[in-house]
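*Asks:* Numbering of the sequence shown is given in full-length UniProt numbering, commencing with residue 1 and proceeding in unit increments. Attaching a single structure in structure tokens format; questions to follow.
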Amino acid sequence: MNKIKCNYIFNLKINYYFLRVVVLSIIFLFLYGCNSEDAFNDNIIENKKVLVNIQILPVKNITLGVSDLKIAKGGYQAFVAIGFYSDDSSENISDEVFWSSAFSEIATITEIGIAKGLDVGITSIKAIKDGVISNELSLVVTAAVLESIQITPATVSLAKGNRQQYTAMGFYSDETSRELTQEVSWRSRDTSTATISEAGLAIGVGVGNSTITAVKDGVMSNDGLLTVTAAALESIQITPAVVSLAKGNSQQYTALGFYSDETSRELTQEVSWRSRDTSTATISEAGLAIGVGVGNSTITAVKDGVMSNDARLTVTAAALESIQITPAVVSLAKGNSQQYTAMGFYSDETSRELTQEVSWRSRDTSTATISEAGLAIGVGVGNSTITAVKDGVMSNDARLTVTAAALESIQITPAVVSLAKGNSQQYTAMGFYSDETSRELTQEVSWRSRDTSTATISEVGLVVGVGVGNSTITAVKDGVMSNDGRLTVTTAALESIQITPAVVSLAKGNSQQYTAMGFYSDETSRELTQEVSWRSRDTSIATISEVGLVVGVGVGNSTITAVKDGVVSNDGRLTVTTAALESIQITPAMVSLAKGNSQQYTAMGFYSDETSRELTQEVSWRSRDTSIATISEVGLVVGVGVGNSTITAVKGGVMSNDGRLTVTTAALESIQITPAVVSLAKGNSQQYTAMGFYSDETSRELTQEVSWRSRDTSIATISEAGLVVGVGVGNSTITAVKDGVMSNDGRLTVTTAALESIQIIPAVVSLAKGNSQQYTAMGFYSDETSRELTQEVSWRSRDTSIATISEVGLVVGVGVGNSTITAVKDGVVSNDGRLTVTTAALESIQITPAMVSLAKGNSQQYTAMGFYSDETSRELTQEVSWRSRDTSIATISEVGLVVGVGVGNSTITAVKDGVVSNRANLIVSEAVLESIIISPINASIIKGSILQHAATGIYSDGASQDLTREVSWRSSDTSIATISEAGVAVGVDVGSSTITAVKDGVMSNDGRLTVIAISEPVNYFLSVKPKDSVIFVGGEQQFEAELVYDDDSRESLPNSRVLWNSSAVNIATITNLGRVKGIVDGGTRIKATLVDNVNVWGETTLSVINVQSLFSYTINVFGSNTLNIGDKSGLTVNGLYSLSNGGFVDLTYSSVWTSSNPSVIRMEGPIMHAVSSGSVIITATYEGRVSSGEFIVR
């Protein structure tokens, strides 16, 4: 086995001086390694030597720093510990001492002496072994330094006038990064093509290419390739934005295009015009819109996928062109009226009646006036002209002649008369004229009685009752008939009463029959004895019955009279003498009485002298059953309950005979109907109530029992239940009859039909803010007719901050919430229309940019702007659903980030709530070079030797390609090293140079090349472990390097003495500490080069595989599971990744290690530190796989 690997090439001839240098170098290295005067004495072996002193020294920095004892935050500093022994020998004991940092929050130090800066500050480093403490060295940690700058996007295609925001990300020595966009100095290579602001905003100013870079603290970013194309159309503005157009009329629209370079030009003839609702409006290719139906539409224009603003177009009803009023010629009596009709003729050749909408005018208002509804009234004799106006359109002239006032009606009074047969009544006639004047016509009219056998009337209106019955009195003049005068002729009226005998002398207790003769107004007479009311002036002397029988009840004188209908008879003089009472006779002996009625009882005393006299006022009256009848002290019985009772009278111990009394149910005496006077709209109804009044002074409702009558059923009808309905305009009389009892008259006037309710539709509306809704009002009248009132009602919105409504019922949502819509006319309020205004509805979506040219693998952020029904707009980028027409060309994320995945064209759109955006055209070109990685990153060569560099290109689509022979190689200092077109570097002189590669404006990372003097031959080689390992993508592996000497002794090398490289950094990267991380599937070679002698190096292979291949995961324990307090022991964990060939992968450094009880065993990565006695479970975890084992500390 060849133990010494020398990769250098000698280009210089060996001579004396060269050999001299080699010998001196060997001596120097040997002395430095041993630090002993006996370094050349290999035979001196001490069996016992004691460590007496430790000296720690810094070695060359691994990462950026100012000096050996000053490192940047995140940087590393290696220390070496030299032990000095009692035998004057010295050794490198760096891996045997315990290293410590005074302030571990500023810097930590590993077991092998590598310090890492964690925070800005100063700490001290020392080492301890066997109780011996080294010297202390101060270590200064400065702020992290900037190592590289990455600007994005790397490739941009931009329309002239458009802008692109660049972002600069700085990567620091402490592996942190932060945005530096506002801190770097931005540069554009060609400012005639593109300029860039201090904040990184690039603007395309000319068609062509430029390169964008950023610089800070001498660190140059990668190149950003910027292509500026011709100015792109960004937006289209159409005018006018809002139009109200009469149906059939037209409107010319204009489209103005605005371009990315802030120029604009008219595109009216180039855009595609669209009308959202072609049933409302159509639009030609040249932008001429024509209203074809009443309603709303939206006009838009499109060109190259760019959608214009929405132009709101409202098509109203056709425009009024002329008005025709009829009748054209009218002759009208003063005071009379004439209804005019106005007919409107419109631009769309339709016509409709406008009577209620026009403004009516009379040229001479002293002759005629006209109402808002077109009703003309003659107010003076003469001529006038009637016209109508609406929306500035004047009607034809209508000629109106007003003649003298005409007699319109005659009113005779009194309207209702009740007259006794033979009596007379004077009537009066009043004439009412068309001009609302009136005068008495009693002497001018012709009087008529419908039934002259009942009543006659003279020429001057004096009526005489000639027969019992009813007649109607009317008056006529000039063909005008008066109202009917209702005349009832009753029987002849009583004028006087004569009673006989005129003088009577009567023994007390005896009786005398009187007779009453009545004399009437028609000169007839008849006996009224049974009808009059008899009276005795002194009832203590004599009483008289209802039938005129007088009884002497006390000694003395009295006067007898009879009364009927207010007529009092002559006086009958009565003298009563004394007599002894023997018996009492009460009369009547038998009575049948309606409940509530009364009956006068008479008590007659019969005396010992066989005389008798009335004792009615003297006896004590009794009723056996007072719940049936009560009787007063004067013998007046009143029926109070239905049933039988016995009436008796007592005086001086003498009991009368029994008077048998039967009380029947109360008798109906009168009927009262209500209401007495009613005014009712035609079609409406009125419930009448009939109340019966009975003999017992009670009353009850008889509405359902009476027979209802309407005198004029053409005016009003009435049901059996008293519900009257107006069926014609005029007057009627309502009466009710029961058991022959007639009610009072109810006067009923039926007027024209009244508006009863208003129904608005729709009843429930949900409306987006900014949208409108037409309401319709339908009026329902008392005669069950209906008509539309939309233009006549007063519209109201309860909350005008939510919705407003116009005079014609068009509601517009102005705020989110609820409101109630109502309509009012003549005091009648409609039903409530419930209106909910929701948030404004999305009407259109505009995505930008409209045109993009993108390299394959690159991305472009799209923005979606939503335009709403309330004319507001907001960004919807995070809310829309993004779509790419051809996902083999480009894919787009949920947040609008498009990525070119194939070469070709695609169209990007966005959708939300069914609204589709404009189309954005996307062109994906071939992938472009974004970065170049050269290797090795750090290398040393001997002066005069060569080193092959490799350049790998990383493209926008993630692909990589070997560009070693395509890039332009550069050396920053050609006096130190030169590099060929093929990437072969040649060491020219001792020193350092920076190697870079450039292609298409893309600059690679820096490769540090150190040229050293020729080294001496060595007796060792460098070994890298583990050998031929495998890790997973994303996993890590720690590599170590050691020197293997010819005698098979080994020396572990700290990372400060090794340069680590990966042959394929796109597959796996390796840090200066030898820690590898897998990037993608593949293989690479890990190489370690000795810093002191670059001719000494070692390498191994590394395979990176997918974690899905992992079949098992197991912790490996070397030795016993039992530790002693203070022990340290390392663990490993392997994964089986192929059952077929038994392949293993070392996952030790890729796993997370935990202890179930850190107070017993504390873990530092895979290293166990036994702290105290006990047992714990140590667990390793990797990508969801878990392995554990139990360990005991004694």
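We put the beta carbon where it would ideally sit given N, CA and C, even for glycine.
1. Tell me, to the nearest whole angstrom, how far the beta carbon of F98 is from that of I128; I am working on the premise that it is less than 8 Å.
2. How would you write the range of the beta strand (DSSP E) that N510 sits in, first residue to last?
3. Measuring CA to CA, which of V215, S434, V911 is closest to F867?
4. Do A78 and S101 have their CB atoms nearer than 8 Å?
5. Three or more C-beta pairs under 8 Å: does that hold for the region 374-388 against the region 417-426?
6. Terminal residues of the continuous beta strand (DSSP E) containing Q948?
7. Give the DSSP-derived three-state secondary structure of R1194 in the structure shown.
8. Among residues of its own chain, excluding the 5 on either side of S968, which ones have a beta-carbon nearer than 8 Å to its beta-carbon?
9. For T872, which residues in the same chain have their Cβ closer than 7 Å to its Cβ, ignoring the five residues on either side in sequence?
10. By Cβ distance, which residues of its chain are closer than 6 Å to W708, with the 5 residues on each side in sequence left out?
11. Is it buried or exposed, I236, if we count other Cβ atoms within 10 angstroms and call 16 or more buried?
12. Between the region 818-826 and the region 889-902, do at least 3 Cβ pairs fall closer than 8 Å?
13. Should the region 896-905 be regarded as contacting the region 914-931, the criterion being three or more beta carbon pairs within less than 8 Å?
14. Tell whether a beta-carbon distance below 8 Å holds between V663 and G635.
15. Would you list the residues sitting across from A285 in a DSSP beta bridge?
16. Would you please state the rounded distance, in angstroms, between the beta carbons of A629 and V637? I believe it to be under 8 Å.
17. Can you find the residues in the same chain that come closer than 7 Å, C-beta to C-beta, to C6, ignoring five residues on each side of it along the sequence?
18. State the CB to CB distance for the pair I323 and V358, rounded to an integer number of angstroms; the pair is presumed to be in contact (CB under 8 Å).
19. What do you reckon, is the C-beta of G827 under 7 Å from a heavy atom of the ligand FAD?
20. For G817, report the span of its beta strand (DSSP E) as first-last.
21. Quick check on the burial criterion: 16 or more other C-beta atoms within 10 angstroms. Buried or exposed for P849?
22. Buried or exposed, going by whether 16 or more other CB atoms sit within 10 Å of the CB of residue 1209?
23. On a Cα-Cα basis, can you pick out the residue from K738, N744, L835 that is closest to N771?
24. Output the distance between the C-alpha atoms of S197 and R178, rounded to the nearest integer angstrom.
25. When the Cβ atoms of the region 497-514 are set against those of the region 565-576, are three or more pairs found closer than 8 Å?
26. Expressed to the nearest angstrom, what Euclidean distance is found between the alpha-carbon atoms of N92 and I1070?
27. For the pair the region 1083-1090 and the region 1054-1071, tell me if three or more CB-CB distances fall below 8 Å.
28. L31 to L226, Cα distance in whole Å?
29. Does DSSP classify N209 as helix, strand or coil?
30. Is the beta carbon of G465 less than 8 Å from the beta carbon of I473?
31. With distance defined between alpha-carbon atoms, name the residue in W1097, L1073, R1075, I1067 nearest to T1084.
32. Taking one C-beta from the region 213-221 and one from the region 178-197 each time, how about it: are there three or more such pairs within less than 8 Å?
33. What are the residues that DSSP puts in a beta bridge with Q585?
34. Residue ranges of each beta strand (DSSP E) run of no fewer than 3 residues wholly in the region 142-189, ordered along the chain?
35. Could you say which of T626, I923, G518 lies nearest to E495 if we only look at CA atoms?
36. Tell me whether the region 238-255 and the region 328-344 touch, counting them as touching only if at least three CB pairs, one residue from each stretch, are closer than 8 Å.
*Replies:* Walking through what the data contain:
1. Indeed they touch by this definition, with Cβ atoms about 5 Å apart.
2. For N510, there is no enclosing beta strand (DSSP E), as DSSP marks it with neither H nor E.
3. For the residues V215, S434, V911, the minimum Cα distance to F867 belongs to V911.
4. No, Cβ-Cβ distance for A78 and S101 is not below 8 Å.
5. no
6. Start and end: 946-948.
7. Three-state DSSP puts R1194 in coil, outside helix and strand.
8. E981, A997, V998, K999
9. A840
10. I718, G722, A736
11. buried
12. no
13. yes
14. no
15. For clarity, residue 285 is Glu in the given sequence; the question names Ala instead. Per DSSP, E285 has no beta-bridge partner at all.
16. 5 Å
17. Any reading at C6 must be qualified, since the residue scores a pLDDT of 27, below 50, and its modelled position is unreliable; no value is offered.
18. Cβ-Cβ separation between I323 and V358: approximately 6 Å, consistent with a contact (criterion under 8 Å).
19. This structure lacks the ligand FAD; in fact it carries no ligand of any kind.
20. 817-825
21. Counting of Cβ neighbours within 10 angstroms places P849 among the buried residues, the total reaching 16 or more.
22. Residue 1209 is absent from the structure shown; the chain starts at 1 and stops at 1194.
23. L835
24. 20 Å
25. A contact exists between the region 497-514 and the region 565-576.
26. Going by C-alpha positions, N92 is about 27 Å away from I1070.
27. yes
28. Note on L31: pLDDT 33, under 50, position unreliable in the model; the coordinate value appears next. L31 and L226: Cα-Cα distance of roughly 59 Å.
29. strand
30. No; because the gap between Cβ atoms is not below 8 Å, this pair is not in contact.
31. I1067
32. yes
33. M604
34. 146-152, 155-159, 163-165, 167-172, 177-179, 185-188
35. G518
36. The region 238-255 is not in contact with the region 328-344.
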